[in-house]
Amino acid sequence: MKTCCFIGHRNTEETPKLREKLEETILQLIKEQKVKTFLFGSRSGFDYLCLDIVTELKNEFPDVKRIYVRSHYPFINDCYREFLLNNYDDTIMPCGLENAGRASYVERNQAMINDSDFCVFYYNENYAPPERKLCRKSISTYQPKSGTAVAYQYAKQKKKNIINLYK
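Mind the numbering: the sequence shown is residues 2 to 168 in the numbering used here, read in order.
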């Protein structure tokens with residue numbers, strides 16, 4: 002059984018063209034590549050768009066599984082689990098993320114990439130997140146790295162099958 006993860010920029014504009022490209026890609030992964038498991042993170046418009054499309058296709062392909070990969074909360078209560086299972090078929094938290102702190106999203110994405118045969122990205126190499134202050138009281142700012150860029154480079158390093166829908 003093959004697996005695919007989705008990773009994209011937080012503020013991804015949903016356009017009819019992107020939706021169509023994504024539907025075609027996911028359908029091809031299911032039909033031709035026999036992908037049955039789809040891994041989702043959170044905090045990105047791209048994640049929600051992918052979830053929406055996979056959920057629609059689940060009507061036609063009921064054996065497809067939607068897995069929410071948590072970056073926080075190694076143990077969750079029944080109420081939160083039930084909330085997540087309204088949209089997903091299961092939820093997991095990869096081992097080792099308990100003490101990841103601010104790097105939890107990076108490490109979660111790396112775990113998703115490691116567990117996937119295919120990685121569908123929405124990655125614009127020219128995108129840069131907004132500058133941030135070094136600390137709350139600081140007047141200095143710094144340019145943070147894009148989490149999607151970090152994940153994309155990691156997937157390339159791991160020689161994963163990458164599909165970048167930004168192009």
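A virtual CB, placed ideally from N, CA and C, is assigned to each residue, including glycine. Only a predicted model underlies this, so the values are computations on that prediction, with no experimental measurement involved.
Can you tell me whether residue i is buried or exposed, with buried defined as 16 or more other CB within 10 angstroms of its CB?
i	result
T92	buried
S141	exposed
P63	exposed
Y153	buried
Please return the same chain residues whose Cβ sits closer than 6 Å to the Cβ of residue i, not counting the five positions on each side in sequence.
i	result
K59	V65
L50	E15
E24	I54
M94	R71, P75
L52	F41
State the Cα-Cα distance for the pair residue i and residue j, rounded to the nearest angstrom.
i	j	result
C5	Y155	15 Å
D48	L135	28 Å
I164	R109	19 Å
V151	Y89	26 Å
K138	P130	20 Å
K18	K32	21 Å
T26	E61	15 Å
C80	L86	10 Å
K160	F7	16 Å
S147	A112	17 Å
Per DSSP, which residues does residue i bridge with? Please list them.
i	result
L40	C6, I68
T16	Answer by DSSP bridge pairing: none, since T16 is not bridged.
Y49	Its beta-bridge partners do not exist; DSSP assigns none.
Y123	G9
Does any residue of chain D have a CB that is nearer than 7 Å to the CB of residue i?
i	result
K66	This model lacks chain D altogether; it includes just one protein chain.
Grab me the residues of residue i's own chain with a C-beta within less than 7 Å of its C-beta, minus the 5 sequence neighbours each way, in chain order.
i	result
L28	L58
K35	K3
N12	G46
H73	S105
Are the region 99–111 and the region 126–141 touching, with three or more C-beta to C-beta distances below 8 Å? no
How about the region 63–82 and the region 32–52: do they share at least three Cβ pairs that are nearer than 8 Å? yes
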